[in-house]
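This report concerns only the one structure given below.
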Amino acid sequence: MRISAKRKEDLDKLQKRINYYFKDLGLLNIALTHSSYSNEKNIKNNVNNERLEFLGDAVIGLVVSEYLYDRFKELPEGEMTKKRASIVCESSLAFAARKINLGKYILLGKGEEATGGRNRDSILADTFEALAGAIFLDGGLECVCRYLIDMFEEEVIYAISKGNLFIDYKTELQEVLQRKGKSKIEYVVDKEVGPDHKKKFYMNVIVENKIIGSGMGRNKKEAEHMAAKQALIRMGEKNEQ
């Protein structure tokens with residue numbers, strides 16, 4: 182992919198923001214290229230960030246696992262698994278992406294742009310993974326480890342001390358419904374989409390045979406979490422972000 186002078190300026194701004202400068206600038210550009218853009222522009226071989234996203238997902242999981250193992254020696258395996266899942270989830274990665282204003286630099290197709298894709302959690306999280314994958318290929322594990330720890334350390338320590346990194350929307354929804362005299366909540370898978378290594382789950386939360394919220398995630402627990410969040414928004418218990 183050819184990189185224009187204007188695009189190079191934008192990439193330089195992002196590199197300064199993340200404090201990592203690529204030896205291969207093209208790798209960074211690919212990490213920021215959404216499939217909707219490559220499809221729309223008919224880019225040769227449909228080059229986009231999906232392969233880097235696949236790699237970055239594994240890299241982030243490894244870095245966070247090693248960090249938890251070394252930094253929090255009192256945590257048993259089960260607790261480390263829970264903490265890692267809290268950190269390496271869509272909402273967490275999207276949060277990290279917003280810290281560096283990553284959405285500003287993503288190449289999107291017109292359709293995704295028009296529907297708010299630049300600030301959508303799923304796109305931000307996927308792009309953040311792709312960026313991690315690109316740093317790993319460009320600079321190695323030490324560089325990507327330093328970058329990710331800089332991004333997450335403050336939030337990780339908060340997660341350990343408080344027991345959760347992000348709001349537990351399922352518990353919050355349960356408490357709200359109990360106050361309203363409705364205690365039975367059911368989470369039902371609506372559909373599963375994508376290959377095994379990149380599967381997405383769509384979940385409905387049902388109360389009294391009515392769907393009160395829907396959500397999508399990369400595993401069933403994350404999809405339930407997002408469905409509960411949407412239910413809270415619909416009920417006026419939480420503002421949409």
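If you use this note's numbering, the sequence shown corresponds to residues 182 to 422, in order.
Ideal Cβ placement from N, Cα and C applies to all residues, glycine included.
Since the model is a prediction, treat every value here as computed from it, not as a measurement.
Practice problem: Assign A295 to one of two classes, buried (16 or more other C-beta atoms within 10 Å of its C-beta) or exposed (fewer than that). | Solution: By one-based count along the sequence shown, residue 295 stands at place 114. Counting Cβ neighbours within 10 Å, A295 comes out exposed, since fewer than 16 surround it.
Quiz item: Is it a yes or a no for the stretch 269 to 281 touching the stretch 202 to 210, going by three-plus beta-carbon pairs under 8 Å?
Solution: no
Quiz prompt | Where K343 falls, given that 16 or more other Cβ within 10 Å makes a residue buried | solution = In the sequence shown, counting from the first residue as 1, residue 343 sits at position 162. Its pLDDT being 49, under 50, K343 is placed unreliably in this model, and the coordinates cannot settle the point.
Exercise. Return the residue from the list F333, I393, D371 that minimises the CA-CA distance to L354.
Key: If you number the sequence shown from 1, residue 354 lands on position 173. Per the Cα distances, I393.
Quiz item: With respect to the alpha helix (DSSP H) encompassing E293, which residues constitute its N-terminal and C-terminal limits?
Solution: Residue numbering aside, residue 293 sits at position 112 when the sequence shown is read from its first letter. Residues 291 to 295.
Quiz item: In whole angstroms, what is the alpha-carbon distance linking N345 and G398?
Solution: Translated into the one-based positions of the sequence shown, residue 345 becomes position 164. Translated into the one-based positions of the sequence shown, residue 398 becomes position 217. Low confidence applies to N345: its pLDDT is 46, below 50, so where it sits in the model is not reliable enough to give any reading.
Quiz item: Whole alpha helix (DSSP H) runs in the stretch 255 to 302 with 4 or more residues, listed along the chain?
Solution: 258 to 268, 271 to 280, 291 to 295
Quiz item: Expressed to the nearest angstrom, what Euclidean distance is found between the alpha-carbon atoms of Y218 and L256?
Solution: Locating residue 218 in the sequence shown gives position 37, where the first residue counts as 1. Locating residue 256 in the sequence shown gives position 75, where the first residue counts as 1. Rounded to whole angstroms, Y218 to L256 spans 43 Å at the Cα level.
Quiz item: Among the residues of its own chain, which have a CB less than 7 Å from the CB of C270, if the five just before and after it don't count?
Solution: Along the sequence shown, read from residue 1 onward, the residue named residue 270 stands at position 89. Result list for C270: E403, in chain order.
Practice problem: For M384, collect the residues of the same chain with a Cβ closer than 8 Å to its Cβ; drop the 5 residues on either side in sequence, then sort them by chain order. | Solution: Numbered from 1 along the sequence shown, position 203 holds the residue referred to as residue 384. Cβ neighbours of M384 beyond the five flanking positions: Y368, V369, V370, D371, S395, G396, M397, G398, K401, A404, E405, M407, A408.
Exercise. Count the other C-beta atoms from every protein chain shown that fall within 10 angstroms of the C-beta of G259, then say buried if there are 16 or more, exposed otherwise.
Key: Along the sequence shown, one-based indexing puts residue 259 at 78. Exposed, because fewer than 16 other Cβ atoms sit within 10 Å of the Cβ of G259.
Quiz item: Which one or two residues does DSSP pair with S395 in a beta bridge?
Solution: As a working mapping, residue 395 is identified with position 214 in the sequence shown. Paired residues: N385.
Practice problem: Specify the secondary structure class of G344 as computed by DSSP and reduced to three states. | Solution: As a working mapping, residue 344 is identified with position 163 in the sequence shown. At G344, the pLDDT of 48 sits below 50, so the modelled position is not reliable; the number obtained from the coordinates is stated separately. In this structure, G344 counts as coil in the three-state DSSP scheme.
Practice problem: Starting from the C-beta of L209, find all residues in its chain whose C-beta is less than 8 Å away, skip the five residues before and the five after it, and write them out in chain order. | Solution: Reading the sequence shown from its first residue, position 28 is the one you call residue 209. Same-chain partners within the cutoff: L192, L195, Q196, F203, L312, A315, D319.
Quiz prompt | Rounded separation between F347 and K410 - CA only | solution = Taking the first residue of the sequence shown as 1, we reach residue 347 at position 166. Taking the first residue of the sequence shown as 1, we reach residue 410 at position 229. Only weak support is given to the placement of F347: the predicted model assigns it a pLDDT of 49, under 50, and the question is left unresolved by the model.
Quiz item: Comparing alpha-carbon positions, which option in S216, E234, F235 lies nearest N226?
Solution: Counting from 1 along the sequence shown, the entry for residue 226 is found at position 45. For N226, the nearest C-alpha among the options comes from S216.
Quiz item: Who are the Cβ neighbours of K391 in its own chain at under 6 Å, not counting the five residues just before and after it?
Solution: Position 210 of the sequence shown, counted from the first residue, corresponds to residue 391. Counting only Cβ-Cβ distances below 6 Å, and skipping sequence neighbours, we find nothing.
Self-check item: Beta-carbon spacing of A275, L236 below 8 Å
Solution: To locate residue 275, count along the sequence shown from 1; it is residue 94. To locate residue 236, count along the sequence shown from 1; it is residue 55. For A275 and L236, no; Cβs fall outside 8 Å.
Self-check item: Euclidean distance between Cα positions of I386 and N300
Solution: Numbered from 1 along the sequence shown, position 205 holds the residue referred to as residue 386. Numbered from 1 along the sequence shown, position 119 holds the residue referred to as residue 300. Reading the sequence as shown, one finds Val at residue 386 and not Ile. So the two alpha carbons sit approximately 24 Å from each other.
Quiz prompt | Contacts around L233, its chain only, beta-carbon distance under 6 Å, and the 5 residues preceding and following it disregarded | solution = By one-based count along the sequence shown, residue 233 stands at place 52. Around L233: A212, A311, G314, A315.
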